[in-house]
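Q: The structure under discussion is supplied below as structure tokens; questions concerning it will follow.
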């Protein structure tokens, strides 16, 4: 059985058509991932610290817990070394996005 030429081209054409749509949908996800990358120096890639680290792993923590802790750092009510200053660089929406991102990561 012979496959028509158009049928052979359909998957690549769909990729070209859907690609801009997929990119537009992921702008917020890319932005959140770039914010999360600022946490990687201490908390590891995707919030997973290396074995033996004394720093808290953020991956898989409850979203509400992360938000509460970031707000406590911002307010200066939770003890920290550098998180008081770092947390002040994030607005409430960014903290919510980060918390959702890290909560969605596997431990």
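Numbering (the working numbering), first residue to last: 39 to 145.
Note that beta-carbon positions come from the ideal geometry of N, C-alpha and C, so glycine has one too.
1. Let me confirm a value: residue 85 is counted as buried when at least 16 other C-beta atoms fall within 10 Å, else exposed. Which label applies?
2. Is the distance from the Cβ of residue 96 to the Cβ of residue 140 below 8 Å?
3. Which stretch, first to last residue, makes up the alpha helix (DSSP H) that contains residue 126?
4. Specify, as a first and last residue, the run of the alpha helix (DSSP H) that residue 70 falls within.
5. Going by CA-CA distance only, name the one from 115, 108, 138, 137 that's closest to residue 124.
6. Taking 7 Å as the cut-off, is the beta-carbon of residue 82 closer than that to any non-hydrogen atom of the ligand NAP?
7. Excluding the 5 residues preceding and the 5 following residue 136 in the sequence, name in chain order all residues of the same chain whose CB lies nearer than 8 Å to its CB.
8. Could you check which residue in 143, 102, 120, 81 has the C-alpha nearest to that of residue 93?
9. Looking at the secondary structure, which residues open and close the alpha helix (DSSP H) in which residue 107 lies?
10. Could you tell me the alpha carbon to alpha carbon distance between residue 117 and residue 110, rounded to whole angstroms?
A: Inspection of the coordinates gives the following:
1. buried
2. yes
3. Neither: residue 126 is in no alpha helix (DSSP H) and is coded neither H nor E.
4. 65–75
5. 108
6. The model on display carries no ligand, and the ligand NAP is accordingly not part of it.
7. 70, 73, 74, 77, 104, 108, 128
8. 81
9. 101–113
10. 9 Å
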